[in-house]
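Residue numbers (the numbering used here), protein chains in the order written: chain A, 1 to 117; chain B, 1 to 114. Note that CB positions come from ideal geometry on N, CA and C, so glycine has one too. These numbers were taken from a predicted model, which means no experiment stands behind them. In what follows, a single structure is set out as structure tokens and then discussed.
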Amino acid sequence: AQKITQTQPGMFVQEKEAVTLDCTYDTSDPSYGLFWYKQPSSGEMIFLIYQGSYDQQNATEGRYSLNFQKARKSANLVISASQLGDSAMYFCAMREGRSGATNKLIFGTGTLLAVQP
Amino acid sequence: DVKVTQSSRYLVKRTGEKVFLECVQDMDHENMFWYRQDPGLGLRLIYFSYDVKMKEKGDIPEGYSVSREKKERFSLILESASTNQTSMYLCASIDGTGGASGYTFGSGTRLTVV
């Protein structure tokens with residue numbers, strides 16, 4: 001069965017520093033997609049970045065990059081130059097199977113990031 | 001922009017009541033999902049639907065049912081609310097192709113059962 005593991009319940013980072021949020025996954029399907037979402041205290045879920053299992057390069061979106069290590073089944077989120085507005089809960093998620101199938105998305109338990117001035 | 005609207009932001013219900021949580025999306029998406037979010041447990045999938053009148057159980061369907069009579073609306077039903085169903089409920093949708101576009105979430109309904 002597919003599973004997402006986030007082992008860091010909470011983290012601190014100094015403003016302007018980089019931070020890595022860990023995510024490991026488990027699936028037997030060769031085709032899958034990995035997502036990161038941000039949830040600020042307002043509760044909305046904000047899509048950050050996506051990595052497909054067949055993508056050769058690590059995904060990047062502005063200050064966000066995904067360190068995809070397929071053999072280790074890890075998909076860590078790297079936030080560069082942290083800002084106070086980055087303080088939020090971060091969720092890693094996986095869609096198993098090829099895009100366009102059921103599109104079912106499974107989440108990890110989340111990491112609460114606090115950016116300190 | 002895709003919009004997913006959940007009818008209530010906060011809801012308080014009594015134990016044993018039948019509760020309806022409504023979710024409407026305005027972009028003709030095939031797939032819709034209901035999750036509940038609890039501290040330390042993340043988001044857990046309750047039910048999902050990939051077409052009108054089609055539904056599949058997620059990881060924690062017990063105590064819940066769903067209805068999808070129209071493409072834009074996906075309702076979550078608590079047949080007899082219990083205190084352990086006090087939680088944040090999130091609805092999401094995505095078009096049938098899936099892909100990198102991500103899923104669009106509603107703003108959530110915080111349900112308290114007393």
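Does at least one heavy atom of the ligand MN sit under 8 Å from the Cβ of residue i?
{"i": "Q6 (chain A)", "result": "With respect to the ligand MN, the structure offers nothing, as it holds no ligand at all."}
With 16 other CB atoms within 10 Å as the buried threshold, where does residue i fall?
{"i": "N84 (chain B)", "result": "exposed"}
{"i": "R14 (chain B)", "result": "exposed"}
{"i": "M45 (chain A)", "result": "buried"}
{"i": "S49 (chain B)", "result": "buried"}
{"i": "E96 (chain A)", "result": "buried"}
{"i": "T104 (chain B)", "result": "buried"}
{"i": "E16 (chain B)", "result": "Reading the sequence as shown, one finds Gly at residue 16 (chain B) and not Glu. That one is exposed."}
{"i": "Y37 (chain A)", "result": "buried"}
{"i": "K70 (chain A)", "result": "exposed"}
{"i": "R9 (chain B)", "result": "exposed"}
{"i": "Y82 (chain B)", "result": "The sequence given here places Ser at residue 82 (chain B); Tyr does not occur at that position. The residue in question, S82 (chain B), is exposed, as its Cβ has fewer than 16 Cβ neighbours within 10 Å."}
{"i": "V114 (chain B)", "result": "exposed"}
{"i": "G106 (chain B)", "result": "buried"}
Beta-carbon separation of residue i and residue j under 9 Å?
{"i": "M54 (chain B)", "j": "S93 (chain B)", "result": "no"}
{"i": "I4 (chain A)", "j": "M89 (chain A)", "result": "no"}
{"i": "V13 (chain A)", "j": "S74 (chain A)", "result": "no"}
{"i": "S87 (chain A)", "j": "Y54 (chain A)", "result": "no"}
{"i": "G102 (chain B)", "j": "F35 (chain A)", "result": "yes"}
{"i": "F95 (chain B)", "j": "D28 (chain B)", "result": "A quick correction: the sequence has Asp, not Phe, at residue 95 (chain B). Yes. Within cutoff."}
{"i": "E79 (chain B)", "j": "Y89 (chain B)", "result": "no"}
{"i": "T20 (chain A)", "j": "I79 (chain A)", "result": "yes"}
{"i": "V12 (chain B)", "j": "W34 (chain B)", "result": "no"}
{"i": "L48 (chain A)", "j": "L77 (chain A)", "result": "yes"}
{"i": "G43 (chain A)", "j": "G108 (chain B)", "result": "yes"}
{"i": "Y64 (chain A)", "j": "A100 (chain B)", "result": "no"}
{"i": "G42 (chain B)", "j": "T27 (chain A)", "result": "no"}
{"i": "L45 (chain B)", "j": "T86 (chain B)", "result": "no"}
{"i": "V19 (chain B)", "j": "I77 (chain B)", "result": "yes"}
{"i": "E30 (chain B)", "j": "D51 (chain B)", "result": "yes"}
What residue ranges within the segment 72-111 of chain B form continuous beta strand (DSSP E) runs of no fewer than 3 residues, ordered along the chain? The qualifying runs are 73-78 and 87-94.
Residue ranges of each beta strand (DSSP E) run of no fewer than 3 residues wholly in the segment 23-84 of chain A, ordered along the chain? 24-26, 32-39, 46-52, 64-69 and 74-79
Decide yes or no for the touch test of the segment 107-116 of chain A against the segment 49-64 of chain A: beta carbon pairs closer than 8 Å, at least 3 of them. no
Mind checking the segment 66-91 of chain B against chain A and listing, in chain order, the residues whose C-beta falls within less than 9 Å of any C-beta there? M88 and L90
Does the count of Cβ pairs from the segment 66-73 of chain B and the segment 10-24 of chain A closer than 8 Å reach three? no
Quick check on the DSSP output: what are the complete beta strand (DSSP E) runs of length 3 or more inside the segment 10-65 of chain B, in order along the chain? 10-13, 19-25, 31-38, 42-51 and 54-57
Using a Cβ-Cβ cut-off of less than 8 Å, list which residues of the segment 67-87 of chain A approach chain B; keep chain order. none
For the segment 23-45 of chain A, enumerate the residues whose C-beta is nearer than 9 Å to any C-beta of chain B, in chain order. Listed by position along the chain: G33, F35, Y37, Q39, S42, G43, E44 and M45.
Can you list, in chain order, the residues of the segment 105-117 of chain A whose Cβ is nearer than 9 Å to any Cβ on chain B? L105, I106, F107, G108, T109 and G110
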